[in-house]
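In our numbering, the protein residues as written are 360 to 452.
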């Protein structure tokens, strides 16, 4: 129950702050996102919700987030290595 209350407080705080300061959050977010995901138009609510969920979860369960990032990185590395190996085996001539 305590974790839920802390998560809700963190979620609300991050959501309110990111919506209030969207003019400074948006350029920072655009620097790290690919062109297709940049925040054009009325995406402030969607991106603020996403940031609030990730931020609150990171505050409450940091080890789970860290392990998830590590697993995704390992899977990405294995996928890239397999794709490189498969491209070397393909005869393009």
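Backbone N, C-alpha and C define an ideal beta-carbon position, used for all residues, glycine too.
- With contacts defined by Cβ atoms closer than 8 Å, residue 365 and residue 410 do not form a contacting pair.
- Shown here, residue 446 sits in a helix according to DSSP, grouped into three states.
- Taking C-alpha positions only, residue 438 is separated from residue 423 by approximately 22 Å.
- Per DSSP, residue 451 lies in no alpha helix (DSSP H) and is assigned neither H nor E.
- If you draw a straight line from the Cα of residue 382 to the Cα of residue 415, it comes to about 21 Å.
- Of the residues assessed, residue 441 falls on the exposed side of the cut-off, its CB having fewer than 16 other CB atoms within 10 angstroms.
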